[in-house]
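*Asks:* There's a structure below that I have some questions on.
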Amino acid sequence: MDFFDEISKEKEDFPKVRAVTKQMRGYSLNFYQIFAIGFFLICFFLGIIFGNLFATCETSSYFYSDVCLVSEFNFSLMIVIWVASLLVSMAIFAVGHIIALLTEINKKLTKFRD
Numbered sequence: 675m676d677f678f679d680e681i682s683k684e685k686e687d688f689p690k691v692r693a694v695t696k697q698m699r700g701y702s703l704n705f706y707q708i709f710a711i712g713f714f715l716i717c718f719f720l721g722i723i724f725g726n727l728f729a730t731c732e733t734s735s736y737f738y739s740d741v742c743l744v745s746e747f748n749f750s751l752m753i754v755i756w757v758a759s760l761l762v763s764m765a766i767f768a769v770g771h772i773i774a775l776l777t778e779i780n781k782k783l784t785k786f787r788d
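Numbering (this note's numbering), first residue to last: 675 to 788.
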């Protein structure tokens with residue numbers, strides 16, 4: 675058994691851009707999903723802004739020094755804001771997707787009843 679032959683048999687090409695856009699055209703987003711995407715984009719930029727506003731101090735040679743010699747970009751705050759906003763926006767997007775599925779089920783049930 676040659677593993678390279680198996681890999682070439684199982685290998686699939688990546689989907690083309692046209693196929694992905696064609697599939698996405700039929701999908702409509704509701705208010706919650708649009709809000710989740712907008713919320714994540716706003717928080718993405720807020721993470722960069724807050725990382726710059728609340729800069730960290732580089733350590734000085736003195737233990738109890740009040741003087742900040744060099745301030746650096748706060749990457750940890752930026753990453754925390756990005757992760758928190760991603761989790762919140764994914765939860766909001768999931769609620770929107772559940773609502774979309776329930777409305778689709780309701781439409782199918784009303785057609786079945788009529």
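Ideal placement from N, C-alpha and C gives every residue a C-beta, glycine not left out.
CB F718 to CB S759, shorter than 9 Å?
*Replies:* As a first step, residue 718 must be located in the sequence shown, where it is residue number 44. As a first step, residue 759 must be located in the sequence shown, where it is residue number 85. Yes, the pair counts as a contact, with Cβ atoms nearer than the cut-off.
*Asks:* Assuming contact is defined by CB atoms lying nearer than 9 Å, are N726 and F705 in contact in what I supplied?
*Replies:* Numbered from its first residue, the sequence shown carries residue 726 at position 52. Numbered from its first residue, the sequence shown carries residue 705 at position 31. Contact: no.
*Asks:* At the level of alpha carbons, what is the spacing between Y701 and L743?
*Replies:* Reading the sequence shown from its first residue, position 27 is the one you call residue 701. Reading the sequence shown from its first residue, position 69 is the one you call residue 743. Taking the straight line from one Cα to the other gives about 53 Å.
*Asks:* So the candidates are I723, I722, S745; which of them puts its Cα closest to the Cα of E732?
*Replies:* In the sequence shown, the residue the question calls residue 732 occupies position 58. When each option's Cα is compared against that of E732, the closest is S745.
*Asks:* With DSSP collapsed to three states, give me the class of C717.
*Replies:* Along the sequence shown, one-based indexing puts residue 717 at 43. It is helical.
*Asks:* For I722 versus M752, is the C-beta distance shorter than 9 Å?
*Replies:* Position 48 of the sequence shown, counting from 1, holds the residue named residue 722. Position 78 of the sequence shown, counting from 1, holds the residue named residue 752. Yes; because the gap between Cβ atoms is below 9 Å, this pair is in contact.
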